[in-house]
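First up is the structure itself, then whatever we jot down about it.
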Amino acid sequence: MSSVSANLRMALINDFKDFYRSPGIAGLEDIDRIYTQDVEFHDPVHTVNGRLALKNYLRGQYQSARGMSFTYQDEQISDHTATITWVMRFSHGRLNKGKPIDVKGMTLIHFTDRVYYHEDFYDLGAMLYRHIPVLGSLVRFINRRLAA
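If you're matching positions, the sequence shown starts at 91 in the working numbering and goes up one per residue.
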């Protein structure tokens with residue numbers, strides 16, 4: 091694996107963060123300059139292989155969530171790897187009575203001139219389970235019992 095210059099590395103990381111900062115369907119065309127054709131993507135819900143499959147996955151996410159945005163907290167960058175911590179804010183008509191939900195998470199990416207591996211880590215309970223009627227009450231009850 092060849093070394094990526096510091097300028098190219100920072101340009102890619104900044105493009106990556108801009109791509110997700112205020113994501114939307116219109117911005118999906120920029121995916122080609124961020125990700126390789128054979129990108130491997132993982133999050134707590136899905137594994138997606140290939141740029142076209144990732145584009146379709148993100149399109150579905152953007153259609154169901156409203157007002158999605160990312161605020162970046164910290165980043166650690168080396169020659170071919172970066173970790174970026176963030177807070178994602180979104181609303182969904184069926185979760186939290188449509189009110190905004192904040193979820194803390196971290197992204198791990200591996201790259202050369204573009205990202206070929208992307209993995210998101212976040213608490214699926216904080217994102218989803220706690221905001222579903224009945225199930226949310228059960229999750230909160232279990233959390234209280236475990237904390238006691």
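Ideal placement from N, C-alpha and C gives every residue a C-beta, glycine not left out.
Quantities reported herein were computed from a predicted structural model and do not represent experimental measurements.
Under the three-state reduction of DSSP, residue 204 is assigned to coil, being neither helix nor strand.
In this structure, the straight-line span from the alpha carbon of residue 103 to that of residue 136 is close to 23 Å.
Looking only at 121, 172, 212, 153, the smallest Cα-Cα distance to residue 100 is reached by 172. For residue 174, no alpha helix (DSSP H) encloses it; the enclosing beta strand (DSSP E) starts and ends at 171-181. Taking a C-beta distance under 7 Å as the contact criterion, residue 118 and residue 145 qualify as a contact pair. The alpha-carbon of residue 181 is positioned some 10 Å away from that of residue 159. In the three-state reduction of the DSSP assignment, residue 157 falls in the strand class, which pools E and B. The C-alpha of residue 105 is placed about 9 Å away from the C-alpha of residue 120.
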